[in-house]
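In my numbering, the protein residues as written are 1430 to 1539.
Just below is one structure, and these are the notes that go with it.
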Amino acid sequence: MIRAPEKPQVDELTARALAARHGDLEAYSKAVYNWDFEPYQLAWAEALATTTRTAIICPPDSRKSTTVRMFVEKMIGLNPEISILWLMSAGSQSEKHVASVSQTIKYNPV
């Protein structure tokens, strides 16, 4: 009997890292944070990935900043030399998100 070669097995961390690096923003979100996207976030992710300028205007607590933060993290992971301009209305909020991006890049194992 002839057997097909077995596919190499990868551990969960490697699988998550591959999904984060090579998948879309929704895959990144799931791999790094174990968060599922809301349907409206998919439209934002597509706009962020396919346009050079994007404005997201929605009510508070709709995950605008969270979605953009994940996009920024993913783009920096793919190209550490990239420049991204991210404008927010509140300085303290901006500082919080910049610090979060830095912490994720430095310490998240995925």
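Positions of the beta carbon are idealized from the N, C-alpha and C atoms, including for glycine.
Coil, strand or helix - LEU1516 by DSSP: Stepping through the sequence shown from its first residue, residue 1516 is reached at position 87. Three-state result, LEU1516: coil.
Return helix, strand or coil for THR1481, following the three-state DSSP convention. The residue you call residue 1481 lines up with position 52 of the sequence shown. Correct three-state label for THR1481: coil.
Looking at the secondary structure, which residues open and close the alpha helix (DSSP H) in which SER1458 lies? If you number the sequence shown from 1, residue 1458 lands on position 29. Its alpha helix (DSSP H) spans residues 1454-1462.
Can you have a look at SER1458 and say buried or exposed, based on whether 16 or more other CB atoms are within 10 angstroms of its CB? Numbered from its first residue, the sequence shown carries residue 1458 at position 29. Answer is buried; the Cβ neighbour count reaches 16.
Buried or exposed by the 16-neighbour rule on C-beta atoms within 10 Å, applied to GLN1470: Position 41 of the sequence shown, counted from the start, is the residue given in the question as residue 1470. GLN1470 is buried by the Cβ-count criterion.
Other residues of its chain near VAL1461: CB distance less than 8 Å, five sequence neighbours each side excluded: What you label residue 1461 is simply residue 32 of the sequence shown in a count that begins at 1. Cβ neighbours of VAL1461 beyond the five flanking positions: ARG1445, ALA1449, MET1499, GLU1502, THR1533, ASN1537, VAL1539.
What is the rounded straight-line gap between the Cα of GLN1438 and the Cα of LEU1447? For this step, residue 1438 is matched to residue 9 along the sequence shown. For this step, residue 1447 is matched to residue 18 along the sequence shown. C-alpha separation (whole angstroms): 13 Å.
LEU1454 and LEU1477: beta carbons closer than 9 Å? Along the sequence shown, one-based indexing puts residue 1454 at 25. Along the sequence shown, one-based indexing puts residue 1477 at 48. Result yes, Cβ atoms of LEU1454 and LEU1477 sit closer than 9 Å.
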